[in-house]
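Engineer: Pasting in a structure now, in structure tokens, and then I'll have a few things to ask.
Protein chains: 2
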Amino acid sequence: MSVAIENFVKAIYNNDKHDIKDTKPGNIAKKLGISNAAATDMAKKLAAKDLLNYEKYQALQLTEKGTKMALNVVRKHRLWEAFLFKMFDMSLHDIHREAELLEHQTSDLLAKKISEYLGHPKFDPHGDPIPNANGEITTEDTSISLSEAIEGKTYTISRLMSDDKEFFDFCAQNQIKYRNTLTVSKQFISNKMTQISIGSNTIVLNEDFTKIIYVDEN
Amino acid sequence: MSVAIENFVKAIYNNDKHDIKDTKPGNIAKKLGISNAAATDMAKKLAAKDLLNYEKYQALQLTEKGTKMALNVVRKHRLWEAFLFKMFDMSLHDIHREAELLEHQTSDLLAKKISEYLGHPKFDPHGDPIPNANGEITTEDTSISLSEAIEGKTYTISRLMSDDKEFFDFCAQNQIKYRNTLTVSKQFISNKMTQISIGSNTIVLNEDFTKIIYVDEN
DNA sequence: AATTATTTTTAAGTAAGCTTAAATATTTTA
DNA sequence: TAAAATATTTAAGCTTACTTAAAAATAATT
């Protein structure tokens, strides 16, 4: 299966899992940087391969086969992230970019070797769970987005759900990092902003960021 | 530049360097597993990009630009070989196969990181020299092929120039390994075979193998 | 509910990287 | 050196993964 197909299936998987947004061709197209027409085309092609269910004007749904493929790619991506993070001094964003390419050129054997070397990690450096070789995610996700966190409570960052350089640069400058602790000092409900204290800093984050920072209550 | 182009340029470079064979489209086509017609087509296309010189019915010659590209790919390939060899318990052939894919999806930054991690190695696990980031090979090659070695002398294996699984399996079973020592007990000139003793074994090799095993006199 | 805006789909077309078949050169060998 | 064998090139065609433009359907807004 081609890189284009792997990316398409992965985009549906990620959109489906993480975003509130639906999985109609247009949304997938936007994620992949291709035209809507190309996405519709691809959807039909993948339906013929039993990777997803396609009905005109409806959201795309991965079949079991499609989900398995997506999880295999996601596994390789997250293993590479964990591995490169451990081995080399590179920014999370750079690591993400490398993983984005390497994930498609990694045999199951090499993925297994990397996983073994790392002691079969359950999470990558963003806090994203790493599926096992059978495509199963065995860790349950109890975390909530920072936008839903409660004033006065203290949380541990469990996930940074993004692939945007700006965001990661911001995180790096503000101690926002997987497994760091923060306290929600104020939720500005009407403005959809959240004030947190982390380390010695106090930061006000808007919704763009609080929706992709996931936390677990301490 | 695409994977197809990188592989094409690399094939010319390797053919030119290692083999006695010429670099006409047919030979490159055979190496890449594509038709002669496709190779001719590609040659014209790459000539237009100033990666090689193409004249009808003549051997293909890489330009400086083409050579630089080839060396960049070769560098990444050999760095991956060295890295995977160090990190994981995998056969040389498996490592080669992974490197063959990863080489095209590796940024210059990651290559640099891998090289640094390994202490800027000069050779990969086959004994092939690793070009530096500027595409320079700073080590001179004093080795000769086993087919040219002299009876009675003792040598150190400096290079195993192949990507064939059968060959590597044979090597693994017979202690034929980069940096191992062997003695040439007999050269059967007319049969083009060579008898060596390596470890406690005595082996007779035919020309197919003695031409790709490179050695340095002790 | 009707109109407007947005999405999705269809249709036609493009570039890359191949293929096979036939024509043309070159090389080998008898 | 002429014939036979082999290689290279040209030509036509295919698939994948896109594109833009227009038509059709859905969703949003007043």
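One line per chain: the protein sequences are A and B, in this order.
Heads up: take any position in the first sequence, counting from 1, add 1, and you land on my numbering.
Heads up: take any position in the second sequence, counting from 1, add 1, and you land on my numbering.
Each residue gets a CB set at the ideal place from its N, CA and C atoms; glycine is no exception.
Does chain A have any CB closer than 8 angstroms to the CB of B/Glu7?
Structural biologist: Taking the second sequence and counting its residues from 1, the one referred to as residue 7 of chain B is at position 6. For B/Glu7, the answer is no, since every Cβ of chain A falls outside 8 angstroms of its Cβ.
Engineer: State yes or no: is the C-beta of A/Val216 within less than 8 angstroms of the C-beta of A/Leu147?
Structural biologist: The residue given as residue 216 of chain A occupies position 215 in the first sequence. The residue given as residue 147 of chain A occupies position 146 in the first sequence. For A/Val216 and A/Leu147, yes; Cβs fall inside 8 angstroms.
Engineer: Thinking C-beta only, is A/Ile158 closer than 8 angstroms to A/Asn181?
Structural biologist: Here residue 181 of chain A refers to the residue found at position 180 when the first sequence is read from its first residue. Here residue 158 of chain A refers to the residue found at position 157 when the first sequence is read from its first residue. Yes; because the gap between Cβ atoms is below 8 angstroms, this pair is in contact.
Engineer: Here's a check: name, in chain order, each residue in its chain whose Cβ is nearer than 6 angstroms to the Cβ of A/Leu103, leaving out the five neighbours to either side.
Structural biologist: Translated into the one-based positions of the first sequence, residue 103 of chain A becomes position 102. Closer than 6 angstroms at Cβ, skipping near neighbours: Trp81.
Engineer: Among residues of its own chain, excluding the 5 on either side of A/Thr184, which ones have a beta-carbon nearer than 6 angstroms to its beta-carbon?
Structural biologist: On the first sequence, residue 184 of chain A is found 183 positions in, with the first residue counted as 1. Only Thr155 and Ser198 meet the Cβ criterion.
Engineer: Confirm, please, whether the CB-CB distance from A/Val4 to A/His105 is below 8 angstroms.
Structural biologist: As a first step, residue 105 of chain A must be located in the first sequence, where it is residue number 104. As a first step, residue 4 of chain A must be located in the first sequence, where it is residue number 3. Going by C-beta atoms, A/His105 is nearer than 8 angstroms to A/Val4.
Engineer: What does A/Asp95 reach in chain B if we use C-beta pairs closer than 7 angstroms?
Structural biologist: Looking up residue 95 of chain A in the first sequence gives position 94. Within 7 angstroms Cβ-Cβ: Leu110.
Engineer: Closer than 8 angstroms by C-beta to B/Gly167: which residues in its own chain qualify, once you throw out the five before and the five after it? Chain order, please.
Structural biologist: Indexing the second sequence from 1 puts residue 167 of chain B at position 166. Checking the sequence, you will find Glu at residue 167 of chain B rather than Gly. Cβ neighbours of B/Glu167 beyond the five flanking positions: none.
Engineer: Give the secondary structure of A/Phe86 by DSSP, where H, G and I count as helix, E and B as strand, and everything else as coil.
Structural biologist: The sequence position of residue 86 of chain A within the first sequence is 85, counting from 1. It is helical.
Engineer: Taking any Cβ of chain B, which residues in the stretch 110-128 of chain A have a Cβ under 7 angstroms from it, in chain order?
Structural biologist: Correct list: Leu110, Leu111, Lys114 and Tyr118.
Engineer: Near B/Thr64, what residues of its chain come up, given a Cβ to Cβ distance below 7 angstroms and the 5 sequence neighbours on each side ignored?
Structural biologist: As a first step, residue 64 of chain B must be located in the second sequence, where it is residue number 63. Asp51, Leu52, Leu53 and Asn54.
Engineer: Where B/Asp17 and B/Thr24 are concerned, what is the direct C-alpha to C-alpha distance, given to the nearest angstrom?
Structural biologist: Indexing the second sequence from 1 puts residue 17 of chain B at position 16. Indexing the second sequence from 1 puts residue 24 of chain B at position 23. When rounded, the distance between both Cα atoms is 6 angstroms.
Engineer: Roughly how many angstroms separate the alpha carbons of A/Ile145 and A/Ile151, rounded to a whole number?
Structural biologist: Locating residue 145 of chain A in the first sequence gives position 144, where the first residue counts as 1. Locating residue 151 of chain A in the first sequence gives position 150, where the first residue counts as 1. Their backbone Cα atoms lie some 10 angstroms apart in a straight line.
Engineer: Hey, out of B/Gly200, B/Val75, B/Ile96 and B/Leu110, whose CA is closest to B/Ile131's CA?
Structural biologist: Your numbering for residue 131 of chain B matches position 130 in the second sequence. Residue B/Val75 is the option with its Cα nearest to B/Ile131.
Engineer: Express the C-alpha separation of A/Ala40 and A/Tyr14 in angstroms, rounding to a whole number.
Structural biologist: For the purposes of this step, residue 14 of chain A is identified with residue 13 of the first sequence, where counting begins at 1. For the purposes of this step, residue 40 of chain A is identified with residue 39 of the first sequence, where counting begins at 1. Spanning the two alpha carbons is a distance of roughly 15 angstroms.
Engineer: Hey, which unbroken runs of the alpha helix (DSSP H) at 4 residues or more fall wholly within the stretch 29-65 of chain B?
Structural biologist: As far as the stretch 29-65 of chain B is concerned, its whole alpha helix (DSSP H) runs of at least 4 residues are 37-49.
Engineer: Please confirm whether B/Leu1 has its beta-carbon closer than 8 angstroms to some beta-carbon of chain A.
Structural biologist: Residue coverage of chain B in this structure runs from 2 to 219, which leaves residue 1 of chain B outside it and unanswerable.
Engineer: Go ahead and label B/Asn188 buried or exposed: buried means 16 or more other beta carbons lie within 10 angstroms of its beta carbon, across all protein chains shown.
Structural biologist: Position 187 of the second sequence, counted from the start, is the residue given in the question as residue 188 of chain B. Going by the sequence as given, residue 188 of chain B is Gln instead of Asn. With 16 or more Cβ atoms within 10 Å of its Cβ, B/Gln188 is classed as buried.
Engineer: Between the Cα of A/Lys87 and the Cα atoms of A/Asp125, A/Asp209 and A/Asn219, which residue gives the shortest distance?
Structural biologist: On the first sequence, position 86 is the one that residue 87 of chain A refers to. Closest option to A/Lys87, Cα to Cα, is A/Asp125.
Engineer: How should A/Asp129 be labelled, buried or exposed, when 16 other C-beta atoms within 10 angstroms of its C-beta is the threshold for buried?
Structural biologist: In the first sequence, the residue the question calls residue 129 of chain A occupies position 128. Buried, since its Cβ has 16 or more Cβ neighbours within 10 Å.
Engineer: Beta-carbon within less than 6 angstroms of A/Ala234's beta-carbon, same chain only, minus the 5 sequence neighbours each way: which residues are those?
Structural biologist: What is shown of chain A runs 2 to 219, which leaves residue 234 of chain A out entirely.
Engineer: Name the two residues that bound the continuous alpha helix (DSSP H) containing B/Phe210.
Structural biologist: Taking the first residue of the second sequence as position 1, residue 210 of chain B is located at position 209. From DSSP, the alpha helix (DSSP H) with B/Phe210 extends over Glu208 to Thr211.
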